[in-house]
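Written out below as structure tokens is the structure these notes cover.
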Amino acid sequence: MTNKLFFDTDCFSSFLWVKEVNILLKLYPGRIVIPKQVYDELSNPSIPHIKRIVNQLCLRGDISTKEILTNTEEFNLYYELAVIPPKGEKIIGKGEAAAIALAKTYDGIIASNNLKDISKYVKKYNLEHVATGDILVAALNKGYIDEIIGNRIWRNMIAKRRILPTNSFTEYLKTIN
Numbered sequence: 021m022t023n024k025l026f027f028d029t030d031c032f033s034s035f036l037w038v039k040e041v042n043i044l045l046k047l048y049p050g051r052i053v054i055p056k057q058v059y060d061e062l063s064n065p066s067i068p069h070i071k072r073i074v075n076q077l078c079l080r081g082d083i084s085t086k087e088i089l090t091n092t093e094e095f096n097l098y099y100e101l102a103v104i105p106p107k108g109e110k111i112i113g114k115g116e117a118a119a120i121a122l123a124k125t126y127d128g129i130i131a132s133n134n135l136k137d138i139s140k141y142v143k144k145y146n147l148e149h150v151a152t153g154d155i156l157v158a159a160l161n162k163g164y165i166d167e168i169i170g171n172r173i174w175r176n177m178i179a180k181r182r183i184l185p186t187n188s189f190t191e192y193l194k195t196i197n
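Residue numbers for the sequence shown, in my numbering: 21 to 197.
What follows is the structure, encoded as structure tokens:
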């Protein structure tokens, strides 16, 4: 079985805000999961168009949602990361915590741009991780986009206040080669 990708809010919304979710659907058909916490964050009443798109994707079966139930392995980890961390550790966002807990429990991949908060847990739980830049590189390698389109998408994401590691897709490509 091919691993599911558990998206946090920022990574998934990076593609939603710039109307490029089709890239995710082409690259990861049947593998995209958004935790219920992420769904809730994307259902903010101040951004009804985003909620509408997410609901359409769910109804068509393009993505699925996953709820974390109490008294489960993933709940215990989620609670530790997002609610009451061990002494000396800081709380991380609910979306990131849910994506980490589900990726660990179901041997999935975490899709997150928030390396500052999650890198420690990616390493601790030996998780596979992708960020927006990795996804765009995969789309480039598959021929779904070219570098010019990648730069346009990158610029549009930055314009929508997505925090990316470089100012352009071209610059990002130079950091990985």
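Quick reminder that beta carbons are idealized off the backbone N, C-alpha and C, glycines included.
Here the structure is a predicted model, which is why all the values come from computation and not from measurement.
- For F27, DSSP records a beta bridge to A131.
- Close CB contacts of I165 within its chain, under the 8 Å cut and outside five residues either way in sequence, are with I43, L156, A159, I173 (chain order).
- Counting C-beta atoms within 10 angstroms of its own C-beta, E87 has fewer than 16 neighbours from the protein chains shown and is therefore classed as exposed.
- For the 8 Å CB-CB criterion, S63 and K71 form a contact.
- Contact annotation: N133 and C31 have beta-carbon atoms nearer than 8 Å.
- E87: not part of any beta strand (DSSP E); DSSP gives it neither H nor E.
- L122 places its beta carbon less than 8 Å from that of F26.
- Taking 8 Å as the cut-off, the beta carbon of G108 is found no closer than this to the beta carbon of V58.
- Taking a C-beta distance under 8 Å as the contact criterion, I54 and I83 qualify as a contact pair.
- In this structure I104 does not touch D137 by the C-beta definition: roughly 16 Å separates them, more than the 8 Å allowed.
- In the structure shown, E191 falls within a helical segment according to DSSP collapsed to helix, strand and coil.
- Listed in chain order, the non-local C-beta contacts of K124 below 7 Å within the same chain comprise L97, Y145, L147, local neighbours out to five positions each way being set aside.
- The C-alpha of S33 lies about 10 Å from the C-alpha of K180.
- Distance check between G163 and each of L184, K46, V41 places K46 closest, using alpha-carbon atoms only.
- Taken through DSSP and simplified to helix, strand or coil, V38 comes out as coil.
- Counting along the chain, no beta strand (DSSP E) covers E61; the unbroken alpha helix (DSSP H) around it starts and ends at 56–62.
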